[in-house]
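Contents: one structure, followed by commentary.
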Amino acid sequence: MRHIAAILAASLPLTACQTYDTQPDPAPDAVAVVPSEDAAPTYVIAICGECHAVQDNAVSPNPQAPGFADIANSPGLTRDTLVTFLADAHNYPMQMDVDLVEEDIEVIADYMLTLQSEDYVRRPG
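Numbering (this note's numbering), first residue to last: 1192 to 1316.
Structure below.
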């Protein structure tokens, strides 16, 4: 038993000399996620996605809020009418307390128009 204690006592200072890498090893096959060109800009999801289905074929979190695809495929909707609507906060329901700057309005409108489809079928509400 004394020999084991002596060996442990002698080896203990050696463990203090060991260095450890504090950086975690990268995941072996990590793949960068590249957003699709058709995907909604992240801030559009952040601003609008709490109530609206921002992505195509999605269901709105708020059943009273139409999805972007439903809006984009509304009869007679044009870029001009959409930009005009988005620019006038008085058009918004009370729940939509958001002020958009012109650049955001343009990006949101341009994205929404990518959801237009000639064969669009509105989902039952």
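Built from N, CA and C at the ideal position, the CB exists for glycine as well.
task = Report yes or no: is there a C-beta of chain C within less than 8 angstroms of the C-beta of Y1234?
result = The structure shown contains no chain C, having only a single protein chain.
task = Decide if A1244 is buried, meaning its Cβ has at least 16 other Cβ atoms within 10 Å, or exposed.
result = Locating residue 1244 in the sequence shown gives position 53, counting from the first residue. Flag for A1244 reads buried.
inquiry  = Is it buried or exposed, V1312, if we count other Cβ atoms within 10 angstroms and call 16 or more buried?
reply    = Translated into the one-based positions of the sequence shown, residue 1312 becomes position 121. Exposed, because fewer than 16 other Cβ atoms sit within 10 Å of the Cβ of V1312.
ask   = Span of the alpha helix (DSSP H) holding R1270?
value = The count along the sequence shown starts at 1 and reaches residue 1270 at position 79. Run containing R1270: 1270-1278, per the alpha helix (DSSP H) assignment.
request  = Return the CA-CA distance between N1248 and P1315, expressed in angstroms with no decimal places.
outcome  = Residue mapping note: residue 1248 aligns to position 57 of the sequence shown, counting from 1. Residue mapping note: residue 1315 aligns to position 124 of the sequence shown, counting from 1. If you take the alpha carbons of N1248 and P1315, they lie about 12 angstroms apart.
task = Classify T1233 as helix, strand or coil using the three-state DSSP reduction.
result = The residue labelled residue 1233 in the question sits at position 42 within the sequence shown. Helix at T1233.
task = Taking only the alpha-carbon atoms, compute the straight-line gap between D1301 and N1253 and give it to the nearest angstrom.
result = For the purposes of this step, residue 1301 is taken as the residue at position 110 of the sequence shown. For the purposes of this step, residue 1253 is taken as the residue at position 62 of the sequence shown. Counting only the Cα atoms, N1253 lies some 23 angstroms from D1301.
task = Note down, in chain order, each residue of its chain lying with its Cβ closer than 6 angstroms to the Cβ of L1273, except the 5 sequence neighbours on either side.
result = Against the sequence shown, residue 1273 aligns to sequence position 82. Within the same chain, L1273 has close Cβ partners A1300.
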